[in-house]
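In our numbering, the protein residues as written are 1 to 257. Quick reminder that beta carbons are idealized off the backbone N, C-alpha and C, glycines included. One structure below.
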């Protein structure tokens, strides 16, 4: 890797400051936050303003906000995004870390569709495959996605009298029980599947968000019961959450944590 250019690094540091607070800054604010010389900040601010990366705030002399150029760059980035391709990249990274099967899925009506999958090196067969559709309530990714729906939308998709298919004896078939489970998932921000789509496999899943904060997919890690334990579950929940956060970042989401 080549040497970082200090002036470029400082300019980017300045731009990233605008992500916080009310989105406006003055030169003294930048000097204080970055501990840079006033002359350096003045030159960088002048350059960024000349290139329309920042613009003066109307009616607030000496203060700046982001200009049109960052928006144009972000819009071009968004145009090039491919959820399946980005999901496959992150799934591969997560799978390499834990050596378990990793999926990324989206919700369609009451089913999940797997858009990315990376297998473990262990020879254990999973019921899923990229492009395959499964009942959402039987999977960790599906329950995570259902839990992310507004109540009225969830009720429209799965009304009280809905018949929920069972894939294994552990599958949830009662809409009331499903709603209780989804409430717990909503509170925790993570979903667990206990042999509900495959009698020999359990899974954990975390939500994937786009730049608006909306949940658009879920990432899961599937583990055969021979390697499943409460300790292992806690470890994989953290890894799934980290992978989902990374994929969310690829999609333009910025965590406020």
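Between residue 89 and the set 134, 211, 117, 64, the nearest pair of CA atoms involves 117. Residue 193 is bridged by DSSP to 203. With contact defined as three or more Cβ pairs closer than 8 Å, the segment 178 to 196 and the segment 81 to 101 are not in contact. Between the alpha carbons of residue 73 and residue 29 lies a distance of about 25 Å. Put simply, the backbone Cα of residue 57 is about 24 Å away from that of residue 212. Residue 222: member of the beta strand (DSSP E) spanning 215 to 224, first to last residue. In the structure shown, residue 3 adopts coil according to DSSP, grouped into three states. A residue is called buried when at least 16 other Cβ atoms come within 10 angstroms of its Cβ; residue 176 does not meet this threshold and is exposed.
A straight-line Cα-Cα distance of about 15 Å links residue 179 and residue 141. Assignment of residue 135 by DSSP, reduced to helix, strand and coil, places it in the strand class. Nearest Cα to residue 120 within the set 103, 108, 133: 103. Secondary structure of residue 254 (DSSP, three-state): coil. Residue 170 and residue 210 have their C-alpha atoms roughly 32 Å apart. For residue 143, the secondary structure class from DSSP, reduced to helix, strand or coil, is helix. Straight-line measurement puts the Cα of residue 71 at about 33 Å from the Cα of residue 112. For residue 215 and residue 37, the gap between their C-alpha atoms comes out near 42 Å. Between the alpha carbons of residue 32 and residue 44 lies a gap of roughly 15 Å.
Runs of alpha helix (DSSP H) with 4 or more residues, each lying fully within the segment 35 to 85, are found at 38 to 50, 68 to 80, listed in chain order. For residue 228, the CB contacts under 7 Å within the same chain, skipping 5 residues up- and downstream, are 202 in chain order. In this structure, residue 11 lies near residue 48, with their beta-carbon atoms less than 8 Å apart. The three-state reading of DSSP puts residue 103 in strand, counting E and B together. Inclusion of residue 100 and residue 223 in the CB contact set at 8 Å is warranted, their separation being smaller than that value. With a threshold of 16 other beta carbon atoms within 10 Å, residue 161 falls short and is exposed.
Contact annotation, residue 156 with residue 145: C-beta distance approximately 15 Å; criterion of less than 8 Å not satisfied. Here residue 167 has 138, 197 as same chain residues with Cβ atoms under 6 Å from its own Cβ, once five neighbours each way along the sequence are excluded.
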